[in-house]
Amino acid sequence: MIGGDGNDIFGFYGTSRGGTIVDWEGGVDLIDLSRANHVNGFGDVEIDQTSDMTATIRFTSDRCGTVKIEVLSDTSFVLTEESFIL
Numbered sequence: 001m002i003g004g005d006g007n008d009i010f011g012f013y014g015t016s017r018g019g020t021i022v023d024w025e026g027g028v029d030l031i032d033l034s035r036a037n038h039v040n041g042f043g044d045v046e047i048d049q050t051s052d053m054t055a056t057i058r059f060t061s062d063r064c065g066t067v068k069i070e071v072l073s074d075t076s077f078v079l080t081e082e083s084f085i086l
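Right, here's the structure in full:
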């Protein structure tokens, strides 16, 4: 997924199988999991910050089991609760 310049919202829903965000801008972009089944709060989201410019997010979905989202950036970032719409 590519959001382009400025504030982007990347949405993942109950039927999402995951994906890759390739142009994440930390502190600007958001990941919307508000419609994802079984995500009722930040505690339902697993984040593996694999480097200062990559992260993997996992959550559970009714239809797809574990959903995996890869987040890539060309600048350093840290995913926090403020990075999400829950």
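Taken in order, the sequence shown gives residues 1 to 86; the numbers are from full-length UniProt numbering. For glycine and all other residues, C-beta sits at the position ideal for the given N, C-alpha and C.
Measuring only the C-alpha atoms, how far is residue i from residue j?
i: G43; j: V67; result: 15 angstroms
i: G25; j: S61; result: Checking the displayed sequence, the identity of residue 25 turns out to be Glu instead of Gly. When rounded, the distance between both Cα atoms is 26 angstroms.
i: I31; j: M53; result: 16 angstroms
i: T15; j: S34; result: 13 angstroms
i: F12; j: V71; result: 13 angstroms
Looking at the strands, I want to know which residues DSSP matches up with residue i.
i: L86; result: None, per the DSSP bridge assignment.
i: E70; result: T20 and T56
If you reduce the DSSP assignment to three classes, tell me which class residue i lands in.
i: G43; result: helix
i: E25; result: coil
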